[in-house]
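**Student:**
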Amino acid sequence: MRPLKTRGRRTTKTAQFAQSTRMRAHRPSAPTVSIGPLSGNHIDSGEMTTTTRQLDELLADVRTITVLTGAGVSTGSGIPDYRDRDGEWKHAPPMQYAEFSGSDEARRHYWARSYVGWQRFGKARPNAAHVALAGLEAAGRIDTVITQNVDRLHSRAGSRNVIDLHGDLSRVRCIDCDDLSPRHRFQHDLRDANPDWHAHVSGCRPDGDVELTASGHDEFRVPGCRKCGGRIKPDVVMFGESVPRQRVEAAMSAVDRTDALLVVGSSLMVFSGFRFARHAHETGKPIAIVNQGKTRADDIAAVKVEADCGELLSRLDEQHLAGAVPA
Ligand SMILES: [Zn+2]
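Position one of the sequence shown corresponds to residue 2 (the numbering used here), numbered consecutively onward.
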């Protein structure tokens, strides 16, 4: 595999990166700066030039990368983010599994919102960030993409080795008999059970959930499992549930067999994602972060770039293609 190298010497001074990153981490909100073209001659900010160069150097110095992505990667596909730049909830926090599984009313509210939300969520298409990551995997630079997203957009963009850490919203699972079935089929069941139901949508969320105006849920009917009549849930890890152990182990193995961890579009506020950054740090693997806003791993990152991930990843992908031409 050929290293990503387009400019200057191949040096990595992780300690220097860490020091400059700590300085940035204590700044409450760094400005958003657009990334210039491949040559780097038109980058708007001196700080951005420095951090993108550090990112280039870090990636040039390693062979394979594990990528960990979050909601920020899918905002370019029209799927909203959960959190603001300070890592705080933008909306009311998502429903907890205990509430969902324990209450008919909660499930009615969830599925009424999700029934409407899927009509938009299900149409989302991969954006430049997904395409660039698929390109870097095809080029042999990325070993595995671990994603906290449930939209399957990495796979649809062509990434092959994807771990959907939090599951897949395009499937549903029966809580009672564990039967797995496609979401579109359950969507038809919901439509058939609610032929005259309409609701006014007041907002959208990253998990395909939407906010409805009051009283929209009360007449909504939720059909049971086709096999056992039991409770249907989306095949995702809801808040209050644990990620299946096998999935965590597969993701940890990816971090262990690769040379660096690249975090893209995640604040890492949820432990299920943060643990991979912590593990990389504890095992001496450098961490690079591309995210607009603060993350829980800013203090342990070797380099942090505040940038639009679609633009930046496309640039890295182009750089690889440029660097892959034999000298
Ligand atoms: Zn069932």
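All C-beta atoms in this analysis are idealised placements derived from N, C-alpha and C, irrespective of residue type, glycine included.
Please find out if some non-hydrogen atom of ligand 1 comes closer than 8 Å to the beta-carbon of residue 226.
**Tutor:** Checking every heavy atom of ligand 1 against the Cβ of residue 226, one is found closer than 8 Å.
**Student:** Closer than 7 Å by C-beta to residue 287: which residues in its own chain qualify, once you throw out the five before and the five after it? Chain order, please.
**Tutor:** Counting only Cβ-Cβ distances below 7 Å, and skipping sequence neighbours, we find 15, 59, 261, 303.
**Student:** Do residue 269 and residue 291 have their C-beta atoms within less than 9 Å of each other?
**Tutor:** It is not a contact, given that the beta carbons lie outside the stated cut-off.
**Student:** Along the beta strand (DSSP E) that carries residue 274, what are the first and last residues, could you check?
**Tutor:** Counting along the chain, residue 274 falls outside any beta strand (DSSP E), though it belongs to the alpha helix (DSSP H) covering 272-283.
**Student:** Regarding residue 190 and ligand 1, is the C-beta to nearest heavy atom distance less than 8 Å?
**Tutor:** No, the beta carbon of residue 190 sits no closer than 8 Å to any heavy atom of ligand 1.
**Student:** Excluding the 5 residues flanking residue 277 on each side, which residues of the same chain have their C-beta closer than 8 Å to its C-beta?
**Tutor:** Taken in chain order, the residues that qualify are 67, 69, 147, 252, 253, 256, 262.
**Student:** Determine the DSSP secondary structure at residue 33, reduced to helix, strand or coil.
**Tutor:** With a pLDDT of 32 at residue 33, under the threshold of 50, the modelled position of that residue is not reliable, and no figure is offered here.
**Student:** CA-CA distance, residue 26 and residue 298?
**Tutor:** Reliability fails at residue 26, whose pLDDT of 34 lies under 50, so the model's placement of it is uncertain and the value that follows must be treated cautiously. Cα to Cα, residue 26 sits roughly 9 Å from residue 298.
**Student:** Where do the ends of the beta strand (DSSP E) carrying residue 168 lie?
**Tutor:** Its beta strand (DSSP E) spans residues 168-175.
**Student:** Span of the beta strand (DSSP E) holding residue 289?
**Tutor:** Here the beta strand (DSSP E) through residue 289 covers 288-291.
**Student:** Starting from residue 235, follow its DSSP beta bridges and name the residues at the other end.
**Tutor:** Answer is 173, bridged to residue 235.
**Student:** Would you say the beta carbon of residue 229 is closer than 8 Å to some non-hydrogen atom of ligand 1?
**Tutor:** Checking the Cβ of residue 229 against ligand 1 gives yes.
**Student:** What number of angstroms, rounded off, separates the C-alpha of residue 309 from the C-alpha of residue 72?
**Tutor:** Looking at the two C-alpha atoms, the distance is approximately 12 Å.
**Student:** Helix or strand or just coil, what does DSSP make of residue 65?
**Tutor:** If DSSP states are grouped into helix, strand and coil, residue 65 belongs with coil.
**Student:** On the CB-based measure, 16 or more other CB atoms within 10 Å of its CB, does residue 120 come out buried or exposed?
**Tutor:** Exposed is the call here.
**Student:** Relative to the C-alpha of residue 271, which candidate in 289, 75, 244, 259 has its C-alpha closest?
**Tutor:** It is 244.
**Student:** The alpha helix (DSSP H) with residue 249 in it runs from where to where?
**Tutor:** Run containing residue 249: 246-258, per the alpha helix (DSSP H) assignment.
**Student:** Which of the three DSSP states, helix, strand or coil, is assigned to residue 133?
**Tutor:** Note: residue 133 maps to helix in three-state DSSP.
**Student:** Going by beta carbon distance, what residues of the same chain come within less than 6 Å of residue 145, once the five residues before and after it are set aside?
**Tutor:** 67, 162, 255, listed in sequence order.
**Student:** Would you say the beta carbon of residue 310 is closer than 8 Å to some non-hydrogen atom of ligand 1?
**Tutor:** Checking every heavy atom of ligand 1 against the Cβ of residue 310, none is found closer than 8 Å.
**Student:** Whose CA, out of 79, 285, 180, 103, lies closest to the CA of residue 126?
**Tutor:** For the residues 79, 285, 180, 103, the minimum Cα distance to residue 126 belongs to 79.
**Student:** Does the distance from the CB of residue 113 to the CB of residue 218 come in under 9 Å?
**Tutor:** Yes, these two residues count as a Cβ contact at 9 Å.
**Student:** Cβ-heavy atom distance between residue 260 and ligand 1 below 8 Å?
**Tutor:** No.
**Student:** Among 142, 106, 102, which has the Cα closest to the Cα of residue 258?
**Tutor:** It is 142.
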